[in-house]
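Positions 0 to 259 (numbering that gives the first Met the number 0) are the ones given, in order, by the sequence shown.
For glycine and all other residues, C-beta sits at the position ideal for the given N, C-alpha and C.
Since we're looking at a predicted model, the values are computed, not measured.
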Amino acid sequence: MNNKTALITGATGGLGREFAHLHAAKGNDVFLISKTQTALAALQAELTATYQVSVHILAIDLSQVDAAEKVYEYAQTQNIEVEYLINNAGFGGRGEFAQRTMEQDVSMLAVNVVTLTKLVKLFLPDFLHRGSGRILNVSSTAALTPGPLQAEYYATKAYVTSLSNAIWQEVQGTNISVTALMPGAMTTGFAATSGMGDTALFANAVPPKAVAEAGYNGMMKGKLNVIAGLTFWQKPMMMLMPLMPKKMVMKLIQQMQSIK
């Protein structure tokens with residue numbers, strides 16, 4: 000078994016699928032996590048046939064309270080030595096905070112924050128003991144501002160970026176790194192599942208392949224943050240945002256996330 004195995008959550012679509020292909024194309028094994036067994040099995044067969052690498056799969060709902068522990072235990076019992084941890088799974092949801100259901104938001108917190116944190120907490124000590132490892136946490140440019148109509152999603156991504164950056168500093172000098180990938184709007188399943196497909200924010204969404212490559216390469220170089228996939232108008236906006244009054248920024252975000 001190749002000892003450069005990457006554990007990838009949310010592996011069967013969007014960025015996750017791209018990460019799986021990127022890593023396997025280099026002759027490395029992958030450990031793929033997703034909710035749907037059939038989609039995982041199909042990707043497993045595809046990667047095995049294309050790259051002749053070992054592809055481990057585990058179907059699990061990452062919103063479960065003990066999901067991270069089950070993932071870690073499976074890796075231990077199957078002797079899968081994880082070298083790269085790519086926390087890609089996550090989802091959003093459009094709507095005013097007061098109107099969204101408790102179940103929707105608690106589930107989002109579980110996947111975007113709790114399970115991600117637990118996976119880092121479980122695997123990082125192994126990395127430190129071994130003296131090698133890379134972590135890539137998929138955040139978002141949403142981390143840079145509050146996000147009316149996606150209040151909780153933006154808040155979860157601010158958490159992911161802050162956590163990643165703090166741990167990046169803590170592990171300096173250990174041959175281990177923690178990188179936050181901060182994409183803009185992409186043509187993945189996110190827009191449809193979050194109800195953002197008909198909004199101005201996703202009008203010029205970019206394909207995920209280049210974003211995945213930027214994130215993966217940034218992880219390999221041990222970068223702190225990687226911002227990728229910005230549209231033409233998003234680039235100057237990202238530069239100007241810190242200079243703009245927060246109330247103005249939030250009003251603009253709300254307008255962009257409203258249905259056309």
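query, result
"Using the Cα positions of glycine 172 and glutamate 95, report the straight-line distance between them to the nearest angstrom.", "44 Å"
"How many Å lie between glutamine 103 and leucine 180 at the Cα?", "24 Å"
"Mind checking whether glycine 89 and asparagine 111 have CB atoms under 8 Å apart?", "yes"
"Return the Cβ separation of alanine 142 and threonine 160 in integer angstroms, given the expectation that the two are a contact with Cβ distance under 8 Å.", "4 Å"
"Quick check on DSSP: helix, strand or coil for valine 105?", "helix"
"From the DSSP secondary-structure annotation, give me the bridge partner or partners of valine 112.", "Bridge partners of valine 112: none, in fact."
"Decide if asparagine 174 is buried, meaning its Cβ has at least 16 other Cβ atoms within 10 Å, or exposed.", "exposed"
"So leucine 31 and valine 52 are supposed to be a Cβ contact under 8 Å. How far apart are they, rounded?", "That belief does not hold up - the Cβ atoms of leucine 31 and valine 52 are roughly 11 Å apart, past 8 Å."
"Under DSSP, the beta strand (DSSP E) around glutamate 95 begins and ends at which residues?", "Neither: glutamate 95 is in no beta strand (DSSP E) and is coded neither H nor E."
"Based on the DSSP secondary-structure assignment, which residues constitute the bridge partners of asparagine 224?", "Ala179"
"How big is the Cα-Cα spacing for isoleucine 134 and alanine 74?", "16 Å"
"Hey, alanine 58 and glutamine 43: beta-carbon distance below 8 Å or not?", "no"
"Label glycine 26 either buried or exposed according to how many other C-beta atoms from any shown protein chain fall within 10 Å of its C-beta, with 16 as the threshold for buried.", "exposed"
"Kindly indicate which three-state DSSP category alanine 5 falls into: helix, strand or coil?", "strand"
"Can you give me the Cβ contacts of glutamine 254 inside the same chain, cut-off strictly under 6 Å, excluding the 5 residues immediately before and after it?", "none"
"Does any C-beta atom of chain D lie closer than 8 Å to the C-beta of phenylalanine 122?", "Protein chains in the displayed structure number just one, and chain D is not present."
"Please confirm whether leucine 84 and valine 119 have their CB atoms less than 8 Å apart.", "yes"
"Do you know offhand how far arginine 16's Cα is from proline 244's?", "38 Å"
"Starting from glycine 132, follow the alpha helix (DSSP H) in both directions and report where the run begins and ends.", "No alpha helix (DSSP H) contains glycine 132, which is instead part of the beta strand (DSSP E) from 132 to 137."
"How about proline 206 and threonine 140: are their beta carbons less than 8 Å apart?", "no"
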